[in-house]
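Shown next, in structure tokens, is the structure this report addresses.
Residue numbers (the numbering used here): 10 to 106.
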């Protein structure tokens, strides 16, 4: 049997700031844990969504969020071996200069 406190637990998804890294990852925690983190370091992490009724749903939201941070060089330009003829001969801005 669930207690009233267990029934009222909500979950949040937030972007976790990683020291000395430009990218971030999504994480999940209970609302009470988020409140404690915000109290300790206001604004350090970025809230994505609050009030999620189940941990499973929160995990799904976290996984659906795109990763944050700058694109790597490999992501920023197409592969030289690309099968798309429009991309095969594309030069990056560094190569043109």
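We put the beta carbon where it would ideally sit given N, CA and C, even for glycine.
Quick caveat: nothing in here was measured; it's all calculated off a predicted structure.
Own chain partners of residue 40 with C-beta closer than 8 Å, once the 5 adjacent residues on each side are dropped: 18, 19, 20, 21, 59 and 60
With DSSP as the reference, identify every bridge partner of residue 26, one or two as the case may be. 33
Give the range of the alpha helix (DSSP H) segment to which residue 50 is assigned. Taken as a continuous stretch (DSSP letters only), residue 50 belongs to no alpha helix (DSSP H), as it is neither H nor E.
Are there 16 or more other CB atoms within 10 angstroms of the CB of residue 80, so buried, or fewer, so exposed? Below a pLDDT of 50, predicted positions are generally treated as unreliable, and residue 80, at 40, falls in that range; the measurement from the model is reported next regardless. Exposed, because fewer than 16 other Cβ atoms sit within 10 Å of the Cβ of residue 80.
Neighbourhood of residue 72 by C-beta distance below 8 Å, restricted to the same chain and skipping five residues each side: 35
Could you say which of 52, 38 and 33 lies nearest to residue 65 if we only look at CA atoms? 38
Does residue 53 pass the burial test, meaning 16 or more other C-beta atoms within 10 Å, or should it be called exposed? exposed
Residues that residue 58 bridges to, as DSSP identifies them: 22
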